[in-house]
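Have a look at the structure below, then the notes.
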Amino acid sequence: MRLDLNTPLQLELPAARAGSPPAKLENGQTLQARVEQQGERLLLRVAGRQLPAPANSGLKAGQLVQLRVEQQAERTLLTLVEQAGTRNSRELLQQALRQLLPQQGSRTPLNTPAQALAAAQAETTQLPAPLQQALNALLSALPRASDLQNPQGLRQALQHSGLFTESSLARPRPGQSLGQDLKATALRLMLQLQPGKGGGGTPGGAAAPTADLALSLLTQTEHLLSRLQQLQVHNAGAETGRLDLAVELPLRHDQGLDLLQLRLRQEDEAPAGDADGGREADTEDGARPISIQVAFRFEGLGPVQARLRLRGEHVSASWWAERAETAALFQTHQARLRTQLEGLGLTVDALGLQSTRPPGPLDDLHRDARGLLHEKA
């Protein structure tokens with residue numbers, strides 16, 4: 001990709017003093033540019049100037065790129081230097097998605113394999129003790145809904161969600177332990193289920209029901225890990241400079257497991273149907289609004305979804321509850337929610353509640369795979 005600087009032929013560098021002539025760019029010189037967004041246009045800020053980025057360049061707002069100066073006759077051209085690390089990262093993410101998509105479980109929410117593992121727990125008494133201990137450790141690592149009732153508990157649940165296992169290993173903190181990390185405990189369980197790879201597996205000559213149980217546990221553990229990996233790939237593949245974090249938290253309770261889904265995203269426009277959908281998307285300083293989406297289906301409440309939208313110090317919230325009694329319950333707590341948000345120094349623009357089926361699921365991670373797979377050969 002080339003950027004043509006038709007006029008002037010000389011660029012004023014940031015270091016140029018007032019009154020001094022602008023410094024000439026040398027052929028072969030490398031400049032660093034930042035990609036910025038103004039409305040629907042992408043601009044490159046380089047050498048103290050803003051230049052329009054070519055259409056379909058693939059650049060993203062917030063990205064840093066290198067440009068090489070090329071002098072041609074009476075024109076100065078800036079040629080984009082492909083960042084090898086960026087290119088390789090993109091190729092690795094696409095390769096990871098290609099490998100994950102065909103795997104069963106990669107598009108199944110985490111609570112499904114976790115629930116299957118929990119249901120099989122009572123049947124594992126005939127399996128080796130290390131395998132039973134690994135399964136118990138995985139299930140014990142799952143948080144309870146009561147653990148999320150305060151910021152510290154929610155922070156800890158997110159840290160142990162299995163999405164940050166590798167980063168925790170790369171940058172260990174004092175006193176850090178992966179004993180409650182979902183991915184780490186799942187990997188330990190899978191190791192125990194694979195004979196010959198350091199695990200206990202099933203005893204030699206085990207009866208068919210025992211072998212079938214071990215195989216079922218292995219399958220569900222693989223499904224759980226596939227889903228975690230797809231979530232990780234999605235989060236790693238977010239556009240440069242733009243937040244897009246997807247989290248799934250299986251929650252334990254006495255009757256089984258529930259699922260809490262979270263999605264944190266930077267937006268360009270207000271989603272249709274939001275309480276503040278008619279407002280301008282950007283804040284006065286040009287920052288993008290942050291959308292926090294929550295979806296759950298707890299026992300006795302039915303399907304519920306919420307979207308909280310933060311724009312600077314302004315906040316709005318929209319709730320959807322399929323059951324009328326659940327909507328009525330939330331309605332009685334709206335005043336308390338407003339008070340708590342205002343207590344944080346936020347201006348509440350709107351609080352909306354609808355007694356209807358929640359909008360589409362938060363799990364649209366398959367959009368990252370567009371162009372990777374083709375249905376027809």
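Under our numbering, the first residue of the sequence shown carries the number 1, and numbering increases by one thereafter.
Just so it is clear, CB atoms sit at the ideal spot from N, CA and C, and this is done for glycine as well.
Helix, strand or coil, according to DSSP, for residue i in the structure here?
i             : result
leucine 243   : coil
serine 384    : Lying outside 1 to 377, the shown extent of the chain, residue 384 is not represented and no answer is given.
leucine 142   : coil
leucine 178   : coil
histidine 223 : helix
serine 168    : helix
leucine 42    : strand
glycine 343   : helix
serine 161    : coil
glycine 153   : helix
glutamine 255 : coil
arginine 338  : helix
glutamate 36  : strand
threonine 185 : helix
glutamate 325 : helix
threonine 30  : strand
glutamine 305 : strand
threonine 108 : coil
glutamine 132 : helix
proline 52    : strand
alanine 119   : helix
proline 209   : helix
Out of the options, state which residue places its alpha-carbon closest to the alpha-carbon of residue i.
i             : options                           : result
serine 291    : Arg297, Leu301, Arg307 and Gly302 : Arg307
glycine 302   : Lys60, Gln32 and Leu259           : Leu259
valine 69     : Trp319, Glu26, Glu299 and Leu218  : Glu26
alanine 61    : Arg41, Leu217 and Val46           : Arg41
leucine 191   : Gln152, Pro130, Thr165 and Gly345 : Pro130
glutamate 123 : Leu135, Val315 and Pro143         : Leu135
serine 318    : Asn150, Leu257 and Asp349         : Asp349
glycine 28    : Ala53, Gln38 and Gln71            : Gln71
leucine 154   : Asp212, Pro250 and Arg265         : Pro250
glutamine 255 : Glu74, Leu64 and Gln115           : Gln115
alanine 145   : Gln261, Leu77 and Pro359          : Gln261
glycine 300   : His253, Arg338, Gly343 and Leu337 : His253
leucine 80    : Leu31, Ala295 and Leu139          : Leu31
alanine 328   : Leu310, Thr356, Ala53 and Pro54   : Thr356
alanine 120   : Arg297, Leu213 and Gly343         : Leu213
leucine 409   : Thr339, Leu218 and Leu139         : Only positions 1 to 377 of the chain appear in the structure, and residue 409 is not among them; the question remains open.
alanine 295   : Gln132, Pro54, Pro109 and Arg49   : Pro109
arginine 309  : Gln66, Leu351 and Gln152          : Leu351
leucine 257   : Arg49, Leu139, Thr125 and Gln152  : Leu139
State buried or exposed for residue i, treating a residue as buried only when at least 16 other CB atoms are found within 10 Å of its CB.
i              : result
alanine 335    : exposed
histidine 223  : buried
serine 226     : buried
proline 172    : exposed
proline 113    : buried
leucine 215    : exposed
proline 289    : buried
leucine 373    : In this prediction, leucine 373 has a pLDDT of 44, which is less than 50 and means its spatial position is unreliable; what the coordinates show is noted afterwards. Its Cβ having fewer than 16 others within 10 Å, leucine 373 is exposed.
proline 358    : buried
alanine 186    : buried
proline 143    : buried
arginine 75    : exposed
threonine 165  : buried
glycine 360    : exposed
asparagine 150 : exposed
glutamine 38   : exposed
leucine 64     : exposed
alanine 73     : exposed
alanine 157    : buried
alanine 53     : buried
Identify, in the order they occur along the chain, each residue of the same chain with its Cβ nearer than 8 Å to the Cβ of residue i, setting aside the five sequence neighbours on each side.
i             : result
leucine 163   : Lys183, Leu228, Leu231, Gln232, Asn235 and Val247
glutamate 313 : Gly345, Leu346 and Thr347
glutamine 266 : Arg242, Leu243, Asp244, Arg288, Pro289, Ile290 and Ser291
leucine 67    : Leu3, Thr30, Leu31, Gln32, Ala33, Leu44, Val46, Leu78, Thr79, Leu80 and Val81
Quick one: what's got a C-beta closer than 7 Å to residue i's C-beta in the same chain, skipping five residues either side?
i                 : result
arginine 45       : Ala33, Arg34 and Glu36
leucine 341       : Val315 and Val348
phenylalanine 330 : Trp319, Ala321 and Leu353
arginine 338      : Val348 and Leu351
aspartate 147     : Gly153 and Ala157
Less than 8 Å between the CB atoms is what I'm expecting for residue i and residue j, so what's the real figure, rounded?
i              : j             : result
valine 304     : threonine 326 : 6 Å
tryptophan 320 : glutamine 354 : 5 Å
histidine 160  : alanine 141   : 6 Å
leucine 439    : leucine 43    : No answer is possible for residue 439: the residues shown for the chain start at 1 and end at 377.
threonine 221  : leucine 127   : Between leucine 127 and threonine 221 the Cβ distance is about 13 Å, and since that is not below 8 Å, they are no contact.
glutamine 176  : serine 168    : 6 Å
Could you name the residues of the same chain whose beta carbon sits closer than 6 Å to that of residue i, not counting the 5 residues immediately before and after it, in chain order?
i              : result
leucine 178    : Ala184
arginine 323   : Gly302
glycine 188    : Residue 188 is actually arginine in this sequence, not glycine. Within the same chain, arginine 188 has close Cβ partners Ala134.
leucine 117    : Gln220
threonine 283  : No answer about threonine 283 holds up, because its pLDDT of 46 lies below 50 and its placement is not dependable.
asparagine 111 : Pro250, Leu257 and Leu259
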